[in-house]
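What follows is a single structure, written as structure tokens, with notes after it.
There are 2 protein chains.
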Amino acid sequence: MPRSAAKKPPPANIALAELEPEGLTSEGQGWQQRKSAQTRVAILDAAIDCLEKHGYARTTTQLIAETAGISRGAMLHHYATKQELIASVIDYAFYKRMEAFIDRVHGLTEEQRVHQNAGMEVYWQSILTREYMATLQLSVAARTDAELREILLPKHRKYDRVERETVLAAFPEWSSKAELFELSMDFCIASMEGLLLNRDVWDDRRRRVALRALISAVILMIREGQFTPPSPEAYLPNG
Amino acid sequence: MPRSAAKKPPPANIALAELEPEGLTSEGQGWQQRKSAQTRVAILDAAIDCLEKHGYARTTTQLIAETAGISRGAMLHHYATKQELIASVIDYAFYKRMEAFIDRVHGLTEEQRVHQNAGMEVYWQSILTREYMATLQLSVAARTDAELREILLPKHRKYDRVERETVLAAFPEWSSKAELFELSMDFCIASMEGLLLNRDVWDDRRRRVALRALISAVILMIREGQFTPPSPEAYLPNG
DNA sequence: AATAAAACCAACCAGCTTGTTTTTTTCTTC
DNA sequence: GAAGAAAAAAACAAGCTGGTTGGTTTTATT
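If you read the protein sequences in the order shown, they are chains A and B.
First residue of the first sequence? That's 1 in this note's numbering, and the numbers climb one at a time after it.
First residue of the second sequence? That's 1001 in this note's numbering, and the numbers climb one at a time after it.
Following this line, the structure appears as structure tokens:
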């Protein structure tokens, strides 16, 4: 029942390499440890599935165990409490998503990567994943759940930095304009998240058009240096 | 304990007027009906509070009743089931938010409204409300809760149309370019929602910069007609 | 081969949530 | 003023969740 264990491509940058989850490599020593790693990966993947399909509130330990194909007791042997499990899920989901992102970027041709701004499309792909949806569910839940927020927020802040480094490492030609690049990233992330949220209520055409507008806006922003608002702070009293 | 009942400004457009919630006017006939309306408003406001502060999953009937300052039995007298209550909350929150939006737009000078694009700032204000947050919580919950989705989705689609009409009615000069205006609205809504979600993890400056970039992008988009992406569909295989 | 440890499983308990039912209070109306 | 309806409160029943506990199988060690 355990799913295929995580592959091991060489970590693409230092910041990400440090975050590689432990105890999940199925190449280790004894049969027991290998089995244990497989089970853990199965549990984490099951948890991501549950988070994506049922949201944080309905992701019960029972449901995760069923999805993973093991008993609840077995699961609680590997992750004593739900908090512990969720913490591991956060790390696992982020690492897996970044890994996939890097893989996809490496799959681009130089032409696509530099001149066709395909990076944004790849990033959008990384947002359409189970892993990202699971993370988003946790983020929203954390907003109203102090306990979860205490676990998630520090990790989120750290991963925010690592994500910047990772993306910048994948597009080294922007290193000289790091600040502008990161502003564009922020803008891009926020907009794509919002787009993702409206997926259900908008039709396909509408989403496509909005996404195209977004990508165009970012390209323009990054080309021109920045937009020049007519009266910068005039209509931004608070927020 | 019941809060101040809803004021009654003349509805600003037809589509919105049809949606005015019933049974909430505290000017009606007998004392009992007035009291009943006050209690209902108190319950709905309490529910919005709870949704914003605790999320959908933790918004229990018990908690709503406590927040409203009444017993749970009293609440279930007015709204027999939780579904019924939530359905009313959706209507109430949307109507209240649109009402406030219209009020704020009417409060703008012609200079602000037309030449300074203050409409977007006003819209951002309407997103920073308890009502919007409560709605957002419901939206996210509905994604993984079939029962809730059946209640929310049709309302959401309807309100999406009404919102377009309402905003367009507030900015009639755009009627001739309705399609472009609505595309800009979509883009604006998605981006602001995403921005709202990242409120906790980003610092104040970062949010401000991203918001400014967003507003600038929309202004540019609406001025230039549309952005011209280098290769429109090239990097949009799916999504 | 025997002991220790890891992995796994099943049952239980306390707390909470929702919806129903019953009772009490308050207001309307004849 | 009294009967009846509406509103509010309280008590009850059934189901689910998370964490704990005790027991069983499998693997590692000596």
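The beta-carbon is built from N, C-alpha and C at its ideal position, and this holds for glycine as well.
Predicted, not measured: the structure shown is a model, and the values here were computed from it.
| Item | Value |
| --- | --- |
| Gly1055(B): contacting residues in chain A (beta-carbon distance under 8 Å) | Ala57, Val140, Ala141, Arg143, Thr144 and Asp145 |
| Given Arg97(A) as reference, the closest of Ile215(A), Glu20(A) and Ala37(A) once Cα atoms are compared | Glu20(A) |
| Distance between Ile1070(B) and Lys1177(B) (C-alpha atoms, nearest Å) | 50 Å |
| Rounded C-alpha distance that separates Ala964(B) from Thr1060(B) | No answer is possible for residue 964(B): it lies beyond the span of chain B, which begins at 1001 and ends at 1239. |
| Under 7 Å by beta carbon: chain B residues contacting Ser191(A) | Ala1190, Ser1191 and Gly1194 |
| Cβ pair Thr1067(B), Asp1091(B) closer than 7 Å | no |
| Residue range of the unbroken alpha helix (DSSP H) whose run includes Tyr92(A) | Lys82 to His106 |
| Supposed contact pair Leu1108(B) and Ala1100(B) - C-beta distance, whole angstroms, cut 8 Å | Not quite, the Cβ-Cβ distance comes to about 13 Å (not below 8 Å), so this is no contact. |
| Helix, strand or coil at Leu1019(B) [DSSP, three-state] | coil |
| Integer-rounded CB distance, given that Ala1190(B) should sit under 8 Å from Ser191(A) | 6 Å |
| Straight-line gap, His255(A) to Arg1205(B) (C-alpha atoms, nearest Å) | Because residue 255(A) is not part of the residues shown, which for chain A are 1 to 239, the question remains open. |
| Contact under 7 Å by Cβ, Thr135(A) with His1054(B) | no |
| CA-to-CA distance, Leu148(A) to Met221(A), given in whole angstroms | 36 Å |
| Residue-chain proximity (Glu1020(B), chain A), Cβ-Cβ < 7 Å | no |
| Nearest-angstrom beta carbon gap, Leu1153(B) and Asp200(A) [assumed within contact, 8 Å] | 7 Å |
| Within the stretch 179 to 226 of chain A, ranges of the alpha helix (DSSP H) (whole runs, at least 4 residues) | 204 to 224 |
| Sub-7 Å separation of Met1075(B) and Ile1215(B) beta-carbons | no |
| Same chain, Cβ closer than 7 Å to Ile151(A), five either side skipped, listed in chain order | Gln83, Ile86 and Ala87 |
| Within-7 Å CB hit, His156(A) to chain B | yes |
| Where Gln1137(B) falls, given that 16 or more other Cβ within 10 Å makes a residue buried | buried |
| Through-space distance from Val41(A) to Thr129(A), alpha-carbon basis | 17 Å |
| Residue span of the alpha helix (DSSP H) that contains Lys155(A), given as start and end | Ala146 to Ala170 |
| CB contact flag (Ala210(A), Phe1187(B), <7 Å) | yes |
| Neighbouring residues, chain A, relative to Phe1187(B) (Cβ below 8 Å) | Ser191, Ala210, Ala213, Leu214 and Ala217 |
| Pairwise C-alpha distance: Leu1051(B) and Thr1166(B) | 25 Å |
| For Ser139(A), the nearest candidate out of Arg157(A), Trp124(A) and Gln125(A) (CA to CA) | Arg157(A) |
| Listed by chain order, chain B residues near Leu197(A) by CB distance under 9 Å | Leu1136, Ser1139, Val1140, Arg1143, Ala1190, Glu1193, Gly1194 and Leu1197 |
| Pro1002(B) versus Val1089(B) - alpha carbon distance | Bear in mind that a pLDDT of 38 at Pro1002(B), under 50, signals an unreliable position, so the number given afterwards is only what the model happens to contain. So the alpha carbons of these two residues sit roughly 16 Å apart. |
| Extent of the continuous alpha helix (DSSP H) run through Thr61(A) | Thr61 to Ala68 |
| Below-7 Å beta-carbon distance, Val162(A) vs any chain B residue | no |
| Cβ pair Glu193(A), Leu1197(B) closer than 7 Å | yes |
| Residue-chain proximity (Leu1183(B), chain A), Cβ-Cβ < 7 Å | yes |
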